[in-house]
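Enquirer: Last residue of the sequence shown: 400 (numbering that gives the first Met the number 0), numbering continuous.
Note that CB positions come from ideal geometry on N, CA and C, so glycine has one too.
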Amino acid sequence: MLRSSRKQGPRGISTTRSGTLLKKQIPIRTFQDWNEAKPGFLEADLVAHCGTQAEGAYLYTLTLTDVATGWTECLPLLNRGQDAVIVALKRARQLLPFPILGIDTDNGGEFINMELAAYCEQEHITFTRGRPQRSNDQCYVEQKNGQIVRQVVGYDRFVGELAYRQLTELYRALRLYVNCFQPSMKLQTKQREGSKVRRTYDQAQTPLQRLLAAGELAAVKHQELVRVTHALDPLRLLHQLEHLQKALWQHAITPSSSPEKTSPASMLPFSVQLCSEEKLPAEGITASHPSLLKKERRRKYQKSGRPHDWRTREDPYEGLWEQITSWLVANPERTGVDIFHELQHLYPGRFRSTQVRTLQRGIQKIRARLLVTFDDQWGEEVVNGHTPAPELRAEVVVGVS
Numbered sequence: 000m001l002r003s004s005r006k007q008g009p010r011g012i013s014t015t016r017s018g019t020l021l022k023k024q025i026p027i028r029t030f031q032d033w034n035e036a037k038p039g040f041l042e043a044d045l046v047a048h049c050g051t052q053a054e055g056a057y058l059y060t061l062t063l064t065d066v067a068t069g070w071t072e073c074l075p076l077l078n079r080g081q082d083a084v085i086v087a088l089k090r091a092r093q094l095l096p097f098p099i100l101g102i103d104t105d106n107g108g109e110f111i112n113m114e115l116a117a118y119c120e121q122e123h124i125t126f127t128r129g130r131p132q133r134s135n136d137q138c139y140v141e142q143k144n145g146q147i148v149r150q151v152v153g154y155d156r157f158v159g160e161l162a163y164r165q166l167t168e169l170y171r172a173l174r175l176y177v178n179c180f181q182p183s184m185k186l187q188t189k190q191r192e193g194s195k196v197r198r199t200y201d202q203a204q205t206p207l208q209r210l211l212a213a214g215e216l217a218a219v220k221h222q223e224l225v226r227v228t229h230a231l232d233p234l235r236l237l238h239q240l241e242h243l244q245k246a247l248w249q250h251a252i253t254p255s256s257s258p259e260k261t262s263p264a265s266m267l268p269f270s271v272q273l274c275s276e277e278k279l280p281a282e283g284i285t286a287s288h289p290s291l292l293k294k295e296r297r298r299k300y301q302k303s304g305r306p307h308d309w310r311t312r313e314d315p316y317e318g319l320w321e322q323i324t325s326w327l328v329a330n331p332e333r334t335g336v337d338i339f340h341e342l343q344h345l346y347p348g349r350f351r352s353t354q355v356r357t358l359q360r361g362i363q364k365i366r367a368r369l370l371v372t373f374d375d376q377w378g379e380e381v382v383n384g385h386t387p388a389p390e391l392r393a394e395v396v397v398g399v400s
């Protein structure tokens, strides 16, 4: 049993004097050593949400990717401490529909420590690490860091408990969308022919399809995952994911933002019921393409210079903004198209179809200053091996029959 005295390292990270000895006891696993066909062997990595400044405290994302199936779980961390990593791993074991058999990490102090090594030994989890300064040894999780975390969350700086909660709600929706509805192709062979490299990929499948095809799940859990997937509507899920993404951006700390905020940013929770029961307007779905999240991110950073705070035309919604604000407070998930249709019904002939964009711009400003009451309770997770909500199970049975 190794015993070590700990000291506080730079940036508040706990380090060990026996770190070199501990590294020698943890075996190295390179990207060429991955030949696992059984789900449960994960690569783990941290993504820092520090913006352009690495000093101070900010949020992190723990990304866990299954090598065999590509199943990915993203969990937010308030700090980079080893205790926070262990708590997130315990949470991931509750979310994953299969047991964790092994984890592979880099050589950061948040992973290479006595506490995590003891936890893996106690839970019979194989603990390996990559080579120093060789990020390709964790190529599976590094790819997900770019395609999932950076593409959806971006490179902004997020600090504090409110941003942590909103990021949690975003990841609760994102895990369903990525694991159940986002197919990918896995590289099978790679052959060099002169200056060209010929790559062969398998058939595109979602992580859930690969997991079910592996045949490692019990029959009851297999049927349950299939029923849950059939109950979810990917377009409604993506639509809600867009709202959660914009709600998270309200917590971003940018160099141009004011250091003193008059009111906290809005907090928008994730609701599974909206992805399976509520019907969204068709106008809001047509623009909901999977690449929309990345396009919205790009458009956000294209806005620069003096803010356009003056009006060049008469406001068609003058005298109605208080009513619109009350509707958003009562139901934050309502879209601008939905509110526009209701206004057309209440005031026939007053609004033209080309004025919907003006309403959407005004709603965006209202959402930026609204304080939405946030329920601080973990909702019912869907794809995790637990029994879904009774309403969801009832709808699933009808859909399958």
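(1) I'd like the ranges of any alpha helix (DSSP H) spanning at least 4 consecutive residues and lying wholly in the segment 338-369.
(2) If I'm right that S183 touches G69 with Cβ under 8 Å, what's the distance once you round it to whole angstroms?
(3) Taking DSSP as the reference, what is the three-state secondary structure of A56?
(4) Return the Cβ separation of L61 and L77 in integer angstroms, given the expectation that the two are a contact with Cβ distance under 8 Å.
(5) Tell me whether the segment 95-104 and the segment 210-228 touch, counting them as touching only if at least three CB pairs, one residue from each stretch, are closer than 8 Å.
(6) In whole angstroms, give me the CA-to-CA distance for Y200 and R209.
(7) Straight-line CA distance for T127 to R164?
(8) So C73 is in the beta strand (DSSP E); what residue range does that whole segment cover?
(9) Could you check what DSSP says for A218 in three-state terms: helix, strand or coil?
(10) Let me confirm a value: N135 is counted as buried when at least 16 other C-beta atoms fall within 10 Å, else exposed. Which label applies?
(11) Spell out a yes or no on whether the segment 136-146 and the segment 188-202 are touching, meaning 3 or more CB-CB pairs, one atom from each, closer than 8 Å.
(12) Touching or not, the segment 78-93 and the segment 172-183, by the rule of three or more beta carbon pairs under 8 Å?
(13) Taking 6 Å as the limit between beta carbons, can you name the residues of its chain near G107, skipping five residues before and five after?
(14) Bridge partners for E192 per DSSP, in chain order?
(15) In angstroms, rounded to a whole number, what distance separates the CA positions of S275 and T253?
(16) For the beta strand (DSSP E) that contains F97, what are its first and last residues?
(17) Thinking C-alpha only, which one of Y316, A56, V66, L267 is nearest L186?
(18) For a test of the three-state rule: what should DSSP assign to R79, helix, strand or coil?
(19) Contact defined as beta carbons within less than 8 Å: I believe T64 pairs with Y139. What is the distance between those atoms, to the nearest angstrom?
(20) Can you tell me the Cα-Cα spacing of H123 and I25, whole angstroms?
(21) Give me the residue from Q204, Y170, K220, T324 with the minimum Cα distance to E241.
(22) Under a Cβ-count criterion, where at least 16 other Cβ atoms within 10 Å of its own Cβ denotes burial, should V328 be classed as buried or exposed?
(23) Just to confirm my understanding: we take T324, look at its own chain, exclude 5 residues before and 5 after, and list those with CB closer than 6 Å. What are they?
(24) Thinking H221 and L161 are a contact (beta carbons under 8 Å), I'd like their distance in whole angstroms, please.
(25) Within the continuous alpha helix (DSSP H) that includes A329, where are the two ends?
(26) Within a Cβ cutoff of 8 Å, which residues of the same chain sit near D232, ignoring the five residues on either side of it in sequence?
(27) Would you identify the three-state DSSP class for E380, choosing helix, strand or coil?
(28) Between L345, E380, W320, which lies nearest to Q363 when the distance is taken from Cα to Cα?
(29) In terms of residue numbering, what span does the alpha helix (DSSP H) encompassing V177 cover?
(30) Can you give the Cα-Cα distance for V86 and D337, rounded to whole angstroms?
(31) From E380 to D314, what does the alpha carbon distance come to, in whole angstroms?
(32) Could you pull out every residue in the same chain whose Cβ sits closer than 7 Å to the Cβ of F373, ignoring the five residues on either side in sequence?
(33) Could you tell me the distance, in whole angstroms, from the CA atom of T311 to the CA atom of V158?
(34) I'd like to confirm the pairing. Which residues does DSSP put opposite T125 in its beta bridges?
(35) Consult DSSP for S183 and reduce its assignment to one of helix, strand or coil.
(36) Over the uninterrupted alpha helix (DSSP H) stretch that includes E42, give me the two end residues.
Expert: This is what the structure holds:
(1) 355-368
(2) The C-beta separation of S183 from G69 comes to about 6 Å, placing the pair in contact by the 8 Å criterion.
(3) Coil.
(4) Not a contact, Cβ separation roughly 11 Å.
(5) yes
(6) 14 Å
(7) Each residue's Cα considered, the two are about 31 Å apart.
(8) 71-76
(9) In this structure, A218 counts as helix in the three-state DSSP scheme.
(10) With fewer than 16 other Cβ atoms inside 10 Å of its own Cβ, N135 counts as exposed.
(11) no
(12) Counting Cβ pairs under 8 Å, fewer than three are found: no touch.
(13) none
(14) The partner list for E192 (beta bridge, DSSP) reads K195.
(15) 36 Å
(16) That residue, F97, is in no beta strand (DSSP E); it is neither H nor E in DSSP.
(17) V66
(18) coil
(19) 5 Å
(20) Computed Cα separation, rounded: 14 Å.
(21) Y170
(22) exposed
(23) Exclusion of the five residues before and after T324 leaves I365 as the residues of its chain whose Cβ lies within less than 6 Å of its Cβ.
(24) Not confirmed; about 38 Å, so no contact.
(25) 320-329
(26) C274, S275
(27) coil
(28) W320
(29) 160-180
(30) 41 Å
(31) 43 Å
(32) For F373, the pLDDT reaches just 36, beneath the cut-off of 50, and the residue's location in the model is therefore unreliable, although a value from the coordinates is still provided. Correct list, in chain order: R164, M266, P268.
(33) 37 Å
(34) G101
(35) DSSP places S183 within a strand segment (E or B) once states are collapsed to three.
(36) Where E42 is concerned, there is no enclosing alpha helix (DSSP H), although the beta strand (DSSP E) it sits in stretches over 40-48.
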